[in-house]
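Q:
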Amino acid sequence: MKPSPSFSLAPHALSRRSWLMALGSLGVAPVLTACGSGDDGSSKIRVINATQGLSALDAYLDTTSIASSVASAAASSYYGADPDTYTLGLRSAGGAVNSLESSLTLSKDTSTSVVVTGTQSALSTTIYTENESTPSSGYAKLRLINGLQTGDGVDVYITTTSTTSLDNQSAAISNVTESGTSSFSKVSKGTYSLWITGNGDTSDLRAYVASITLSDQGIDTFVLIPTNSTTLASVLRLPQKGTSTTYACTLTRVRFVNAASASASAQATLDGTAVSSAAIGAYGVSSYSQ
1 MKPSPSFSLA
11 PHALSRRSWL
21 MALGSLGVAP
31 VLTACGSGDD
41 GSSKIRVINA
51 TQGLSALDAY
61 LDTTSIASSV
71 ASAAASSYYG
81 ADPDTYTLGL
91 RSAGGAVNSL
101 ESSLTLSKDT
111 STSVVVTGTQ
121 SALSTTIYTE
131 NESTPSSGYA
141 KLRLINGLQT
151 GDGVDVYITT
161 TSTTSLDNQS
171 AAISNVTESG
181 TSSFSKVSKG
191 TYSLWITGNG
201 DTSDLRAYVA
211 SITLSDQGID
221 TFVLIPTNST
231 TLASVLRLPQ
241 KGTSTTYACT
251 LTRVRFVNAA
261 SASASAQATL
271 DGTAVSSAAI
281 GAYGVSSYSQ
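Read in the numbering used here, the sequence shown has 146 at position 146, and its numbers run on one by one without any break.
#1: Output needed for T87: all residues of its chain with C-beta closer than 7 Å, excluding positions within five of it in sequence on either side, in chain order.
#2: Across which residues does DSSP place Y78 in a beta bridge pair?
#3: Does the structure place the segment 158-172 close enough to the segment 241-251 that three or more beta carbon pairs sit under 8 Å?
#4: Helix, strand or coil for S188, going by three-state DSSP, please let me know.
#5: If I follow the unbroken beta strand (DSSP E) through K141, where does it start and stop?
#6: How far does the beta strand (DSSP E) with E101 in it reach, from first residue to last?
#7: Just to confirm before moving on: does the CB-CB distance between I225 and S76 stay below 8 Å?
#8: Alpha carbon to alpha carbon, how far is S215 from G190?
#9: Determine the direct distance from the alpha carbon of T119 to that of G198, and round the result to whole angstroms.
#10: What is the DSSP secondary structure of A274, counted as helix, strand or coil?
#11: Name the DSSP bridge partner or partners of P239?
#12: Between which residues of its own chain and K186 is the CB-CB distance below 6 Å, once the five residues before and five after are set aside?
#13: Just list the residues that DSSP pairs S234 with in beta bridges.
#14: In three-state terms, what does DSSP make of N131?
#15: Please classify A50 as buried or exposed, where buried requires at least 16 neighbouring CB atoms within 10 angstroms.
#16: Fully enclosed by the segment 153-214, which beta strand (DSSP E) runs are 3 residues long or longer?
#17: How long is the line joining the alpha carbons of V223 and R237, rounded to whole angstroms?
#18: Could you give the distance in angstroms between the alpha-carbon of I219 and the alpha-carbon of T181?
#19: By alpha-carbon positions, which one of T85, S265, V176 and A210 ends up nearest to T164?
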């Protein structure tokens, strides 16, 4: 008697998506379960909105939504996905078409952060696996991703909370270029003030956090996120495999336009402090003061 043909599938040899496609070809309806925690050997991924002017964004792996309406200066929750290679799609919240697509490979038992920078018409991403080695006891590690779209670099200063000026201070991280990522810097654990300035110019303050605690053996990525002013920024803290914290921008800049007279110079003050170092001529415009 001729033996009946046999057919077998080895699920361990196929990716989950390939396995489901094979089942579908046999007429078997697979049951899909949502992944959320990534605690079962899957990969975890989160999305950070560090864009200029995009108030909220959606993210997809292939056609599966992994993050919805991620607000500016915010991070999504982690989404658990099967280890595989996907098309990462990013779009304005509620939109039907991706503004940016790229290939993304997720590995087993990893956590991945996707930092989205740029503008809606020109999005870009910084993607990193959260696997930095733990510093020795008594120390913490930090680095910066510069999401500002100003074309220049920034410096990072870590000072005591009583410090009121950056005179004679040394930068902990120097010249992080636009959309760039610094190396990790190791500092003693403790509570500090965080200052971010234009590269080489301590008077050009872009962001400031009055008090921030760097925990023992903590690992933090800080993201500089542009405000409507373009040059001033909020700061998003991303602990490795931890919950994000947003520090909203507390800085302002002001300048004076002398349109009061066609011939006379004038000088403006704000709460008794001069806006410009010298009088401004007729129809002149001062530099910004902070």
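Idealized CB from N, CA, C, for every residue including glycine.
A: The relevant details are as follows:
#1: In the sequence shown, the residue the question calls residue 87 occupies position 87. Cβ neighbours of T87 beyond the five flanking positions: D62, E101 and S103.
#2: Position 78 of the sequence shown holds residue 78. Note: Y78 sits in no beta bridge, so no partner.
#3: No, because fewer than three Cβ pairs between the segment 241-251 and the segment 158-172 fall closer than 8 Å, the two stretches do not touch.
#4: The count along the sequence shown starts at 1 and reaches residue 188 at position 188. Strand, per DSSP.
#5: Numbered from 1 along the sequence shown, position 141 holds the residue referred to as residue 141. Per DSSP, K141 belongs to the beta strand (DSSP E) from Y139 to N146.
#6: As a working mapping, residue 101 is identified with position 101 in the sequence shown. That run of the beta strand (DSSP E) goes L100 to L106.
#7: Within the sequence shown, numbered from 1, the residue matching residue 225 stands at position 225. Within the sequence shown, numbered from 1, the residue matching residue 76 stands at position 76. No, the Cβ-Cβ distance between I225 and S76 is not below 8 Å.
#8: The residue you call residue 215 lines up with position 215 of the sequence shown. The residue you call residue 190 lines up with position 190 of the sequence shown. Cα-Cα distance, rounded: 7 Å.
#9: For the purposes of this step, residue 198 is identified with residue 198 of the sequence shown, where counting begins at 1. For the purposes of this step, residue 119 is identified with residue 119 of the sequence shown, where counting begins at 1. Straight-line Cα distance between these residues: approximately 21 Å.
#10: Here the question's residue 274 lines up with position 274 in the sequence shown. If DSSP states are grouped into helix, strand and coil, A274 belongs with the strands.
#11: Sequence index remark: in the sequence shown, residue 239 carries index 239 (1-based). For P239, the beta-bridge partners assigned by DSSP are D220.
#12: Stepping through the sequence shown from its first residue, residue 186 is reached at position 186. So the list reads P135, Y139 and K141, once near-sequence residues are dropped.
#13: Counted from its first residue, the sequence shown places residue 234 at position 234. DSSP, once it has assigned bridges, lists I225 as partnering S234.
#14: Mapped onto the sequence shown, residue 131 falls at position 131. Shown here, N131 sits in coil according to DSSP, grouped into three states, outside any helix or strand.
#15: On the sequence shown, residue 50 is found 50 positions in, with the first residue counted as 1. So A50 counts as buried.
#16: Entirely contained in the segment 153-214, the beta strand (DSSP E) runs reaching 3 residues are, in chain order, 154-159, 173-176, 185-188, 190-198 and 201-214.
#17: One-based indexing of the sequence shown puts residue 223 at position 223. One-based indexing of the sequence shown puts residue 237 at position 237. Each residue's alpha carbon lies about 6 Å from the other.
#18: On the sequence shown, residue 219 is found 219 positions in, with the first residue counted as 1. On the sequence shown, residue 181 is found 181 positions in, with the first residue counted as 1. About 15 Å.
#19: As a position in the sequence shown, residue 164 is number 164, starting the count at 1. Just measuring C-alpha positions, the residue of T85, S265, V176 and A210 sitting nearest T164 is A210.
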